[in-house]
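Start counting the sequence shown at 500; every next residue gets the next number (our numbering).
Cβ coordinates follow ideal geometry from the N, Cα and C atoms, glycine included.
Note sheet for the following structure.
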Amino acid sequence: MEDKMVPDSEPADRIRELLLRNLEEVFGENDAARRRAAIEQLWAEDGVLYAPTGPVTGHAAIAEFAGTLRAMHPDFAYAPGNPQMLHNAGRLGWGSGPRGEAPAYTGWDFILVRDGRIAALYVFLDEGSAESRRMEVAAGK
């Protein structure tokens, strides 16, 4: 009998690719058309982004969210840490700030992968960063 609690395993290389490309090509991309093309390649159609401001579902909504975030910091770059993969999940620590400077904020992306695409992304902002406080205010916390 198959255990439905144990997720299917995904190739570690694909999970690593999804983590790194999502950070750079979705959240680090200023061009809306390139961002949307990356989302279509990397995300499941019903993918859900769990951000501090609340969940965002589907390609169009994720593209809008990433575009709004990008517009707040168009000159910021992401510096990824070392991805870690396990079964159908992965996590990636990162920092974001002006190129060549210390990160203005840091956090973690945690993804669940289904059929080679991001099914869910949980974004954890490190406490105390300016962006974390701003998102908490935007969420009414």
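key: Beta carbon of R590 nearer than 8 Å to that of G546   = no
query = Between which two residues does the alpha helix (DSSP H) harbouring A532 extend?
reply = 531-541
inquiry  = Run through the DSSP bridge pairs and tell me what V612 is partnered with.
reply    = I617
task = Measure the C-alpha to C-alpha separation of G594 and H558 and round it to an integer number of angstroms.
result = In this model, G594 and H558 are separated by some 24 Å (Cα to Cα).
message = Which residue marks the beginning of the beta strand (DSSP E) containing R590, and which one marks its end?
response = Unbroken beta strand (DSSP E) run through R590: 588-597.
query = For D544, which three-state DSSP category applies?
reply = Looking at the sequence provided, one finds Glu at residue 544 rather than Asp. Three-state result, E544: strand.
request  = Have a look at N521, E544, A543 and flag the residue whose alpha-carbon is nearest the alpha-carbon of R533.
outcome  = N521
request  = Please go through the same chain and pick out, in chain order, the residues whose beta-carbon is closer than 6 Å to the beta-carbon of F526, but skip the five residues on each side of it.
outcome  = A565
ask   = In angstroms, rounded to a whole number, what distance separates the CA positions of A511 and D614?
value = Looking at the two C-alpha atoms, the distance is approximately 13 Å.
ask   = Among V612, L541, S508, which has the Cα closest to the Cα of E523?
value = L541
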